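Engineer: Once you've had a glance at the structure underneath, I'll fire off some questions.
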Amino acid sequence: MTQKFMENLKNLWYSITGGGSNGMKGLVDAKELGVYISEYYEEKFNKPISPLKLQKALYFCFGYWGGFIRKSKGHSKKEIDLNYSEYLFDNTIEAWVYGPVIPDVYNVDKAKELSNYKNSNLFNGMDYVQEFINGILDDVLPVNDFKLVEISHEDKCWKKHFNKNNIFHNAEIPKEEIIREYAKNS
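In my numbering, the protein residues as written are 164 to 349.
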């Protein structure tokens, strides 16, 4: 089966069920967000983003967004309506040697096809989401690649799903575990 067929099947499943296994649907596609992050980085630093930094930026955006929304739902006083999905994106996150990776993005980035997923309407009507993501990126992107790896290796959800003795390092990290950890730590 082709990747496009699988993507269409996943979209059909989401349209039928209303989202992933817990009923949540991501706000954006990780590949489109990857293009956004790449362009944001290039604009700020006048050079292309490394694959490692792109992966960590995506992961930290997912974790901090999900944690923030989860935690905000527990407060009765809200300064802003945060009726958003906790899932920034639906794409699978796996525990690889250098930390969490979104394989969908890794594969198209490696094939030099990430720019094919540019979406000029990525945050259309979601200005607050874009501001939040930009804030995370402003904190994450200046950090050295391997410092980001080191930070991601501290996450319990990565530690739990990474086994250095496995031949393949591609165990899925459940999104719920990431969100729970970031809601607890933020």
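C-beta: ideal position from N, C-alpha, C; glycine also.
No experiment lies behind these values; they were computed from the predicted model shown.
Can you tell me whether DSSP reads E257 as helix, strand or coil?
Structural biologist: The sequence position of residue 257 within the sequence shown is 94, counting from 1. The answer is strand: DSSP assigns E257 an E or B state.
Engineer: Can you grab the Cα-Cα spacing for the pair N326 / W259, in whole Å?
Structural biologist: One-based indexing of the sequence shown puts residue 326 at position 163. One-based indexing of the sequence shown puts residue 259 at position 96. So the two alpha carbons sit approximately 9 Å from each other.
Engineer: Can you have a look at S201 and say buried or exposed, based on whether 16 or more other CB atoms are within 10 angstroms of its CB?
Structural biologist: Within the sequence shown, numbered from 1, the residue matching residue 201 stands at position 38. The residue in question, S201, is buried, as its Cβ has 16 or more Cβ neighbours within 10 Å.
Engineer: When the Cα of L251 is compared with those of K347, N348 and I342, which residue comes out closest?
Structural biologist: Looking up residue 251 in the sequence shown gives position 88. Ranking the options by Cα distance to L251, first place goes to I342.
Engineer: Between K347 and F225, is the Cβ-Cβ spacing less than 9 Å?
Structural biologist: If you number the sequence shown from 1, residue 347 lands on position 184. If you number the sequence shown from 1, residue 225 lands on position 62. Not a contact, by the Cβ cut-off of 9 Å.
Engineer: Can you tell me which of the three DSSP states V191 falls into?
Structural biologist: Taking the first residue of the sequence shown as position 1, residue 191 is located at position 28. Correct three-state label for V191: coil.
Engineer: Tell me the DSSP secondary structure of P214 in three-state form.
Structural biologist: Counted from its first residue, the sequence shown places residue 214 at position 51. It is helical.
Engineer: Do E195 and L285 have their C-beta atoms closer together than 9 Å?
Structural biologist: For the purposes of this step, residue 195 is taken as the residue at position 32 of the sequence shown. For the purposes of this step, residue 285 is taken as the residue at position 122 of the sequence shown. Yes.
Engineer: Grab me the residues of G229's own chain with a C-beta within less than 8 Å of its C-beta, minus the 5 sequence neighbours each way, in chain order.
Structural biologist: Taking the sequence shown and counting its residues from 1, the one referred to as residue 229 is at position 66. Excluding positions up to five away in sequence, the list reads E249, Y250, L251, K338, I341, I342, Y345 and A346.
Engineer: When the Cα of T255 is compared with those of V306, G288 and Y269, which residue comes out closest?
Structural biologist: In the sequence shown, residue 255 corresponds to position 92, counting from 1. Out of V306, G288 and Y269, Y269 has the C-alpha closest to the C-alpha of T255.
Engineer: Near F223, which residues of its chain fall below 7 Å by C-beta distance, leaving aside the five closest residues on each side in sequence?
Structural biologist: Reading the sequence shown from its first residue, position 60 is the one you call residue 223. Hits under 7 Å: I299 and V303.
Engineer: In the DSSP assignment, the beta strand (DSSP E) including P263 goes from what residue to what residue?
Structural biologist: The count along the sequence shown starts at 1 and reaches residue 263 at position 100. Start and end: G262 to V264.
Engineer: Let me check understanding here. Comparing Cα to Cα, which of L277, Y261, K323 and G197 lies closest to K310?
Structural biologist: Position 147 of the sequence shown, counted from the first residue, corresponds to residue 310. Comparing Cα-Cα distances from K310 to each of L277, Y261, K323 and G197, the minimum goes to Y261.
Engineer: Jot down the residue ranges of each uninterrupted alpha helix (DSSP H) in the segment 259-302, minimum 4 residues, whole runs only, in chain order.
Structural biologist: 266-273, all fully within the segment 259-302.
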